[in-house]
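Trainee: Submitted below is the structure of interest, expressed as structure tokens.
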Amino acid sequence: MTTPLLLTCPVGLEDLVRGDLRDRHDVHSTLVSLGTIRCESPVSRDRLPAMVDRVAVPLGVPDNDLSPAQVTAVLREIDWRSYGLEDEVPFRVHLPGESSRARRDELTQAVSAALGWRNDPSHWSVNLDVSEEAMTAGTIRAELGPWAWAARFGLFERLPATTPGPVAAGLLRLAKLQDGQTLLDVCGGVGTVPVLDGLLRAGRSITVDNDTASVAAAGRNVVSHDLAGRVEVLDADASDLPLAAGTVDRVVSDLPFGKRIGSNEQNRTLYPAILREVERVLTADGRCVLLSDDKRVFAESVAKARGLKIAGERVIRYNGVTPTAYIVRRSRRQKKRGR
Ligand SMILES: C[S@@+](CC[C@H](N)C(=O)[O-])C[C@H]1O[C@@H](n2cnc3c(N)ncnc32)[C@H](O)[C@@H]1O
239 MTTPLLLTCP
249 VGLEDLVRGD
259 LRDRHDVHST
269 LVSLGTIRCE
279 SPVSRDRLPA
289 MVDRVAVPLG
299 VPDNDLSPAQ
309 VTAVLREIDW
319 RSYGLEDEVP
329 FRVHLPGESS
339 RARRDELTQA
349 VSAALGWRND
359 PSHWSVNLDV
369 SEEAMTAGTI
379 RAELGPWAWA
389 ARFGLFERLP
399 ATTPGPVAAG
409 LLRLAKLQDG
419 QTLLDVCGGV
429 GTVPVLDGLL
439 RAGRSITVDN
449 DTASVAAAGR
459 NVVSHDLAGR
469 VEVLDADASD
479 LPLAAGTVDR
489 VVSDLPFGKR
499 IGSNEQNRTL
509 YPAILREVER
519 VLTADGRCVL
529 LSDDKRVFAE
539 SVAKARGLKI
549 AGERVIRYNG
559 VTPTAYIVRR
569 SRRQKKRGR
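According to the working numbering, the sequence shown is numbered sequentially starting from 239.
Shown next, in the form of structure tokens:
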């Protein structure tokens, strides 16, 4: 397989991605910039950590010479079949702006003529990013559509507050789930976290939400990912969970936070109510990963909770928000209940 590859992931998860590549697959990588990692040794598509969003082949264009002749010469050197791409690869050229139209068209025609590729801006397998931005960052690249997160894990029905897949993967990674354990998402929305968990691991996953549209979409996401019977969808209130005490090993949830859903004021009562229920259903050695941008309210709510404490924090940046993923555990060892 041709190397290197450029991987993008949510900012704040780079060390986890690089650690997994190294420890699980012996893949050496370097950090290019926030959210961008360069794999220096070969890695196959099915070994990419689920936190990886987009994948690209860097185009080492000498002296940033973006002439059609130079770009096509570089493209011809690459073994596209090793990335699963056959003849007549559908592609597009990313060079935005009306003033760039002539250069974009010229490059598109040159690539079609030289490689036999087919220009298809809406169903591309390769996106040639030769934008000013990529040139300035030194990351002119050929993005691989079939290697992107949605192509690897399937399309999810989404709503405005839906957690991006690679972020959900980061939360699951922090939860350190083992096969056979039970995962609960108390504010599961369309079910991104439990559905992804179902794809990654053997064990029970439960998604809870009290919004009718979210619960319906979660049900459809479970079915479209062939996880019926594996991921349970419950229409319930996170502050009154229909689950027995001490039955959940891990709680992983992207909580409502002011700017997206609910409000800062509502969270002052919602967070303590959720934490009371989480404390009740969690096993004695349970662990939670809870994402919130309502940081003060969250920290105050945990401080007030009788038996929980914040054991770790990690700021994640994506889509213009910078919430914190809080690792929450029991503050003292308790006798196991309900098992
Ligand atoms: C940030 S979104 C979660 C997104 C989810 N991870 C997904 O990918 O769709 C927060 C969710 O909390 C839900 N929610 C708010 N209050 C709730 C409550 N009291 N009980 C259960 N769910 C609640 C909202 O309906 C919303 O779907």
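Note that CB positions come from ideal geometry on N, CA and C, so glycine has one too.
As the structure is a prediction and not an experimental result, all values here were calculated from the model.
1) Helix, strand or coil: which one does DSSP assign to V519?
2) Take L382 as the anchor and find which of P480, E344, V364 has the nearest alpha-carbon.
3) Taking the CB atoms as reference points, tell me whether N357 and F329 lie closer together than 8 Å.
4) Heavy atom of ligand 1 less than 7 Å from the Cβ of C425, yes or no?
5) Quick one: what does DSSP say P384 is sitting in, helix, strand or coil?
6) Just to confirm, are G436 and R458 a CB contact at a threshold of 8 Å?
7) Any chance the CB of A186 is under 7 Å from a heavy atom of ligand 1?
8) Since F238 sits in a beta bridge, which residues does DSSP pair it with?
9) Which runs of the beta strand (DSSP E), 3 residues or longer, sit entirely within the stretch 469-556?
10) Can you tell me the Cα-Cα spacing of R525 and V566, whole angstroms?
11) Start and end of the alpha helix (DSSP H) containing A406?
12) I need the DSSP call for R577, collapsed to helix, strand or coil.
13) Return the residue from the list G545, L412, R552, E551 that minimises the CA-CA distance to R568.
14) Do you know how far the Cα of G273 is from the Cα of V559?
15) Under 8 Å: do the stretch 473-488 and the stretch 408-422 share three or more Cβ pairs, one atom per stretch?
16) Quick check: does the Cβ of N448 come within less than 7 Å of any heavy atom belonging to ligand 1?
17) Using a Cβ-Cβ cut-off of 7 Å (strictly less than) and excluding sequence neighbours within five positions of K533, which residues of its own chain qualify?
18) Below 6 Å CB to CB, which residues in the same chain sit around G418 once its five sequence neighbours on both sides are set aside?
19) Can you tell me which of V290, M289, H266 puts its alpha carbon nearest to the alpha carbon of S279?
20) Starting from S267 and walking both ways along the beta strand (DSSP E), at which residues does that stretch end?
21) Short of 7 Å in beta carbon distance, which residues of its chain neighbour R379, apart from the five on each side in sequence? Order them along the chain.
22) If you draw a straight line from the C-alpha of P359 to the C-alpha of V331, how long is it?
23) Looking only at its chain, what residues have a beta carbon closer than 7 Å to the beta carbon of D523, apart from the 5 residues adjacent to it on each side?
24) Start and end of the alpha helix (DSSP H) containing S462?
25) Looking at D475 and ligand 1, is the gap between the Cβ and the nearest heavy atom below 7 Å?
26) Closest by CA to N302, which one among G408, L323, L251, T374?
27) Going by DSSP in three states, M239 sits in which element: helix, strand or coil?
28) Per the DSSP calculation, D447 is bridged to which residue(s)?
Mentor: With the structure as the only source:
1) helix
2) Checked all of P480, E344, V364; the closest Cα to L382 is V364.
3) yes
4) A heavy atom of ligand 1 is found nearer than 7 Å to the CB of C425.
5) helix
6) no
7) With the chain covering 239 to 577 only, the question about residue 186 has no answer from this structure.
8) For the chain, the structure presents residues 239 to 577; residue 238 sits outside this window and is missing.
9) Counting only runs of 3 or more residues that sit fully inside the stretch 469-556, the beta strand (DSSP E) segments are 469-473, 486-492, 520-530, 546-553, in chain order.
10) 6 Å
11) 403-413
12) Note that R577 has pLDDT 41, beneath the 50 cutoff, so the model's placement of it is unreliable and the number below is only indicative. In the structure shown, R577 sits in coil (DSSP, three-state: anything other than H, G, I, E or B).
13) Checked all of G545, L412, R552, E551; the closest Cα to R568 is G545.
14) 14 Å
15) Touching, yes, given that three or more Cβ pairs across the two stretches are closer than 8 Å.
16) yes
17) T562.
18) G441
19) H266
20) 267-271
21) Only L244, A294, V295, P296, L297, D367, A372 meet the Cβ criterion.
22) 8 Å
23) For D523, where only same-chain residues beyond five positions count, there are no Cβ hits under 7 Å.
24) 450-462
25) yes
26) T374
27) Confidence at M239 is low in this model, with a pLDDT of 49, below 50, so its placement is unreliable and the value that follows should be read with caution. Looking at M239 - three-state DSSP - the assignment turns out to be coil, as it is neither helix nor strand.
28) D473
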